[in-house]
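The structure under discussion appears below in the form of structure tokens.
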Amino acid sequence: MKQKIIKTKAKEIFTKTNLPGADYVINQYVGCSHGCTYCYAKFISRWKGYGNWGTWIEAKINAPDLVRGRKISGKVFMSSVSDAYQPAEKELKLTRKVLENLDKNTDLSILTKSDLVLRDLDLLKQFKNIEVGFTINSFQGKDQQLFEPNSPENIKRVEAMKKLKKSGIRTYAFVSPIIPDVFDLDKVMKDTKDHADFYWFEFINLKGAGEEFKEILKSNYPESSKIIQNKDMLNLYNENIKSEIYKSDIKIRGIETH
Ligand code: SF4
Numbered sequence: 020m021k022q023k024i025i026k027t028k029a030k031e032i033f034t035k036t037n038l039p040g041a042d043y044v045i046n047q048y049v050g051c052s053h054g055c056t057y058c059y060a061k062f063i064s065r066w067k068g069y070g071n072w073g074t075w076i077e078a079k080i081n082a083p084d085l086v087r088g089r090k091i092s093g094k095v096f097m098s099s100v101s102d103a104y105q106p107a108e109k110e111l112k113l114t115r116k117v118l119e120n121l122d123k124n125t126d127l128s129i130l131t132k133s134d135l136v137l138r139d140l141d142l143l144k145q146f147k148n149i150e151v152g153f154t155i156n157s158f159q160g161k162d163q164q165l166f167e168p169n170s171p172e173n174i175k176r177v178e179a180m181k182k183l184k185k186s187g188i189r190t191y192a193f194v195s196p197i198i199p200d201v202f203d204l205d206k207v208m209k210d211t212k213d214h215a216d217f218y219w220f221e222f223i224n225l226k227g228a229g230e231e232f233k234e235i236l237k238s239n240y241p242e243s244s245k246i247i248q249n250k251d252m253l254n255l256y257n258e259n260i261k262s263e264i265y266k267s268d269i270k271i272r273g274i275e276t277h
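Below, the structure written as structure tokens:
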């Protein structure tokens, strides 16, 4: 897919955050060519003016310089409005350079949808307190095309998680987005149980996903669309899934609803 890469320079790279489980975020990229149709960060496209979400990325080329020599106390999350291992990273190696220069005592949490993270295993191993998470869901085939058109398949993410865990890296599954009548908890558990040290869960952020996403559901998953439009049905669905999650024999770090 054709994408615009805009090279920029930032003044600061660690940003304070209210995201659960993190104190700072680091976004060496803004924008994401994985182009997930439910992505809550899509709103950024409106004020950047480069085009639709998924067609452009900004690369903060001085990010590696900005992390050099910095001691950050608190948890740093990479990344919140991009995927550090989206396709452009293969050539640009911006994430790799950031990891090279980042203080290895940093309490770092990386979340990705890409097995490209395996390339940096040598660096990941140098961090004293690191965890690598993969967004995992049960999408495949048509679901994947509709919701995550340019991301590596779930099976690749699970394989990468397995390899990292085997290499001694703490891993987690970020199970998201949980969409009524589409999400398959049993499949996710079966795929990840042996490879994830802990779990985060997130129900679909309907506000962030926006009207376009709701239209996708309406046209392709009418039952799901019916549930999300009815508050009582949606609450019931969410409560049932939560109780199923709590029955699972796993470590749960958090369950996010919006
Ligand atoms: S991988 Fe993450 S940041 Fe990128 S488009 Fe998908 S949800 Fe958004």
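When we follow the working numbering, the leftmost residue of the sequence shown carries the number 20, and every step to the right adds one. Glycine included, each C-beta is placed from N, C-alpha and C at the ideal position.
1) Have a look at the DSSP bridge pairing and note the partners of Tyr48.
2) In whole angstroms, give me the CA-to-CA distance for Asp268 and Thr211.
3) Met97 bridges to which residues according to DSSP?
4) So Phe96 and Ser133 are in contact, right, with Cβ under 8 Å, and what is the actual spacing, rounded?
5) Among Gln47, Glu234, Phe153, which one has its Cα closest to the Cα of Phe166?
6) How far does the beta strand (DSSP E) with Gly40 in it extend, from its first residue to its last?
7) Using the Cβ count rule (16 or more neighbours within 10 Å means buried), how would you classify Leu225?
8) According to DSSP, simplified to helix, strand and coil, what is Asn148?
9) Leu113 to Ser157, Cα distance in whole Å?
10) With DSSP as the reference, label Trp278 as helix, strand or coil.
11) Buried or exposed, going by whether 16 or more other CB atoms sit within 10 Å of the CB of Trp66?
12) Count the other CB atoms within 10 Å of the CB of Thr56; is the residue buried (16 or more) or exposed (fewer)?
13) Could you please give the first and the last residue of the uninterrupted beta strand (DSSP E) stretch that includes Glu275?
14) Could you tell me which uninterrupted alpha helix (DSSP H) segments, each at least 4 residues in length, are contained entirely in the stretch 172-237, listed from first to last along the chain?
15) For Asn259, which of Ile155, Gln22, Thr27, Phe202 has the nearest alpha-carbon?
16) Rounded to whole angstroms, what is the Cα-Cα separation between Val184 and Ile80?
17) Helix, strand or coil: how does DSSP classify Lys109 here?
18) Which same chain residues, not among the five before or five after Leu142, have their C-beta less than 6 Å away from its C-beta?
19) What is the C-beta distance between Ser98 and Tyr48, in whole angstroms, given that I count them as a contact (C-beta under 8 Å)?
20) Quick check on the DSSP output: the beta strand (DSSP E) that includes Lys123 runs from which residue to which?
21) At a Cβ threshold of 9 Å, is Gly160 touching chain B?
Short version:
1) Ala78
2) 12 Å
3) Ile129
4) 16 Å between Cβ atoms; not a contact.
5) Glu234
6) Looking at the DSSP string, Gly40 is not in any beta strand (DSSP E), and its letter there is neither H nor E.
7) buried
8) strand
9) 30 Å
10) Given a span of 20 to 277 for the chain in the structure shown, any question on residue 278 remains unanswerable.
11) exposed
12) buried
13) 271-275
14) 173-185, 204-211
15) Phe202
16) Just to set this straight, residue 184 is Lys in the shown sequence, not Val. Going by the C-alpha atoms only, they are around 30 Å apart.
17) helix
18) Leu118
19) 7 Å
20) Run containing Lys123: none; DSSP gives neither H nor E here.
21) This model lacks chain B altogether, as it is built from one protein chain only.
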